[in-house]
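Input: a single structure, listed below in structure tokens.
There are 2 protein chains.
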Amino acid sequence: MGNNKDQNKLNVTDFAMVFEDLTRIIIRMPSIEKLSFTTLSVLHTLSRKSPMRLTELTANEQVTQSGITQLVTRLERDGLVERRPDPNDGRVVQVHITERGANVIDSRRSERIEQLSKFIEGLTPEDKLAIASAIPALRRLAELGNDS
Amino acid sequence: MGNNKDQNKLNVTDFAMVFEDLTRIIIRMPSIEKLSFTTLSVLHTLSRKSPMRLTELTANEQVTQSGITQLVTRLERDGLVERRPDPNDGRVVQVHITERGANVIDSRRSERIEQLSKFIEGLTPEDKLAIASAIPALRRLAELGNDS
DNA sequence: AAATTTATATTAGTAATTTATATAAATTTA
DNA sequence: TAAATTTATATAAATTACTAATATAAATTT
């Protein structure tokens, strides 16, 4: 159990475990902007796709609709997102990420990439190659996860 | 930028981005137990190393010492951890994860693994092999991150 | 057009978290 | 060794984030 000697088979548990560890390392990286987990999650979602309706955000995040409304209000107050009406449907609110909001995500990402780069420097060329070779497969895995 | 055609080089940005996506997919997985992010993070930390002092936990998590004290109090109330004194130092409190606490983490992990397995089924054998081949390297990367 | 559904907002209550301060044990120093 | 300092945790008060319940207003269905 948890042994990966036979590299012809992908042991999901092994993958999940190493993924967990890496996730935690990245989460623990100290960051300049002090924003809550949910706040960052919403911003991140919007950095990938903007605008989005409140309802869409509610479906994606693990908070109630009321929570999202309030969160977006806070984000708007801080100038990280903007609410705009939908010309085709008077009920909906489109949430747009602002340049400032996108910068928050980008700068955090840069920070993580810089940190990661330092760790990766410590790897052998073979290890680097192994990870590089897995990236397209990981990307497809992410796609499969998104479509589910 | 963000192009990974030359697979002999590991593009950290590409890796970070795909990692981000996978993280979010896993985080969004609906889970049975409704526990906050911080709560789960502390439990997870303890599932890897128990006992730990409050101070150690404070250093690892992104909350204040006061926050950890109160969080541990809640976890203890719910029977997920136990406080025990340190015989060698009357000031310290050792936080032990209970069987029940470990079960919370384990069952969530199983859930994630099951979900991941389904996604992975959708990959080609080549992709599976590529990911499997990268696991030892990812593990060493995690070690480098832990030692930093 | 009346009833229903959909999308968002508001209100009130609760839970989680921070800041500041307190306590108590261990260590250092004069 | 007693006093001062540091270290480890706890408590109190205030703030922030969140949920549940309800309201409002636009769109859709009957």
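Protein sequences appear in the order of chains B and V.
Residue numbers 1 to 148, in the UniProt record's numbering, belong to the letters of the first sequence in order.
Residue numbers 1 to 148, in the UniProt record's numbering, belong to the letters of the second sequence in order.
All C-beta atoms, glycine included, are put in the ideal place defined by N, C-alpha and C.
Of the residues V:V72, V:I97, V:A59, V:T23, the one placed nearest V:R112, counting alpha carbons only: To locate residue 112 of chain V, count along the second sequence from 1; it is residue 112. The residue with the shortest Cα to Cα distance from V:R112 is V:T23.
- request: Name, going along the chain, the residues of the segment 46 to 75 of chain B whose beta-carbon falls closer than 9 angstroms to a beta-carbon of chain V.
  value: R48, N60, E61, Q62
- request: Taking the CB atoms as reference points, tell me whether V:I135 and B:V18 lie closer together than 7 angstroms.
  value: Start at 1 with the first residue of the second sequence, and residue 135 of chain V comes out as number 135. Start at 1 with the first residue of the first sequence, and residue 18 of chain B comes out as number 18. The answer is yes: Cβ separation under 7 angstroms.
message: Let me see if you follow: with CB-CB separation under 7 angstroms, is B:L116 close to chain V or not?
response: Position 116 of the first sequence holds residue 116 of chain B. Judged by the 7 angstroms Cβ criterion, B:L116 is in contact with chain V.
query: At a Cβ cut of 7 angstroms, what residues of the segment 118 to 135 of chain V count as close to chain B, listed as they run along the chain?
result: F119, I120, G122, L123, D127, K128, L129, A130, I131, A132, S133, A134, I135
- prompt: Can the beta-carbon of V:A16 be found closer than 7 angstroms to that of B:S133?
  reply: By 1-based counting over the second sequence, the position of residue 16 of chain V is 16. By 1-based counting over the first sequence, the position of residue 133 of chain B is 133. Not in contact: V:A16 and B:S133 (Cβ atoms no closer than 7 angstroms).
query: Secondary structure at B:G79, three-state DSSP: helix, strand or coil?
result: As a position in the first sequence, residue 79 of chain B is number 79, starting the count at 1. It is coil, neither helix nor strand.
Where the beta strand (DSSP E) containing B:G145 begins and where it ends: Reading the first sequence from its first residue, position 145 is the one you call residue 145 of chain B. Taken as a continuous stretch (DSSP letters only), B:G145 belongs to no beta strand (DSSP E), being part of the alpha helix (DSSP H) at 125 to 146.
- prompt: At a cut of 8 angstroms, does the segment 89 to 106 of chain V reach the segment 56 to 73 of chain B through at least three beta carbon pairs?
  reply: no
field: Neighbour list for residue 180 of chain B in chain V, Cβ cutoff strictly below 7 angstroms
entry: Lying before the first or after the last residue shown, residue 180 of chain B is absent from chain B, which here runs from 1 to 148.
message: Suppose you measure from the CA of V:G67 to the CA of B:T98; what does that come to, to the nearest Å?
response: Translated into the one-based positions of the second sequence, residue 67 of chain V becomes position 67. Translated into the one-based positions of the first sequence, residue 98 of chain B becomes position 98. Distance between the alpha carbons of V:G67 and B:T98 is about 32 angstroms.
message: Quick check on this structure: which residue in B:M29, B:R109, B:T13, B:Q94 has the alpha carbon closest to the alpha carbon of B:V50?
response: Here the question's residue 50 of chain B lines up with position 50 in the first sequence. Note that residue 50 of chain B is Ser in the sequence shown, not Val. Nearest option by C-alpha distance: B:Q94.
- prompt: Does the distance from the C-beta atom of V:A142 to that of B:D127 stay below 7 angstroms?
  reply: One-based indexing of the second sequence puts residue 142 of chain V at position 142. One-based indexing of the first sequence puts residue 127 of chain B at position 127. Taking 7 angstroms as the Cβ cut-off, V:A142 and B:D127 do not qualify as a contacting pair.
query: Of all Cβ atoms in chain V, is any one closer than 7 angstroms to the Cβ of B:L141?
result: Translated into positions along the first sequence, residue 141 of chain B becomes position 141. Closer than 7 angstroms to some Cβ of chain V, the Cβ of B:L141 qualifies, so yes.
Collapsed DSSP secondary structure at V:Q94 in the structure displayed: Sequence index remark: in the second sequence, residue 94 of chain V carries index 94 (1-based). Residue state, collapsed to three classes: strand.
query: Leaving out the 5 sequence neighbours to the left and right, which residues in its chain are closer than 8 angstroms to B:G2 when beta-carbon positions are compared?
result: Stepping through the first sequence from its first residue, residue 2 of chain B is reached at position 2. Residue placement at B:G2 cannot be trusted, given a pLDDT of 41 that sits under 50; the coordinates are not used to answer.
- prompt: What does a CB cutoff of less than 8 angstroms around V:K34 pick up in its chain, not counting 5 residues either side in sequence?
  reply: If you number the second sequence from 1, residue 34 of chain V lands on position 34. Correct list: empty, nothing qualifies.
message: If you reduce the DSSP assignment to three classes, tell me which class V:M29 lands in.
response: One-based indexing of the second sequence puts residue 29 of chain V at position 29. DSSP places V:M29 in coil when its eight states are reduced to three.
message: Within a Cβ cutoff of 8 angstroms, which residues of the same chain sit near B:T69, ignoring the five residues on either side of it in sequence?
response: For the purposes of this step, residue 69 of chain B is taken as the residue at position 69 of the first sequence. Cβ within range, chain order: L54.
field: Span of the alpha helix (DSSP H) around V:G101
entry: Against the second sequence, residue 101 of chain V aligns to sequence position 101. Its alpha helix (DSSP H) spans residues 99 to 121.
- prompt: Can you pull the DSSP bridge partners for V:P85?
  reply: For this step, residue 85 of chain V is matched to residue 85 along the second sequence. In DSSP, V:P85 forms a bridge with V:V93.
message: In whole angstroms, give me the CA-to-CA distance for V:I26 and B:S148.
response: As a position in the second sequence, residue 26 of chain V is number 26, starting the count at 1. As a position in the first sequence, residue 148 of chain B is number 148, starting the count at 1. If I take the Cα positions, the gap works out to 12 angstroms.
message: On the DSSP letters alone, give me the boundaries of the alpha helix (DSSP H) that B:V63 sits inside.
response: As a position in the first sequence, residue 63 of chain B is number 63, starting the count at 1. Segment: none, B:V63 is in no alpha helix (DSSP H) and carries neither H nor E.
Closer than 7 angstroms at the beta carbon, the chain B residues around V:N146: Counting from one through the second sequence, the residue named residue 146 of chain V turns up at place 146. Within 7 angstroms Cβ-Cβ: I25.
Span of the alpha helix (DSSP H), counted from its first residue to its last, around V:S47: Position 47 of the second sequence holds residue 47 of chain V. Where V:S47 is concerned, the enclosing alpha helix (DSSP H) stretches over 37 to 48.
- request: Return the CA-CA distance between V:E56 and B:H96, expressed in angstroms with no decimal places.
  value: Locating residue 56 of chain V in the second sequence gives position 56, counting from the first residue. Locating residue 96 of chain B in the first sequence gives position 96, counting from the first residue. Between V:E56 and B:H96, the C-alpha separation is close to 40 angstroms.
query: Would a check of beta-carbon distances place V:V42 closer than 7 angstroms to chain B?
result: Locating residue 42 of chain V in the second sequence gives position 42, where the first residue counts as 1. Chain B, which has no Cβ nearer than 7 angstroms to the Cβ of V:V42, makes this no.
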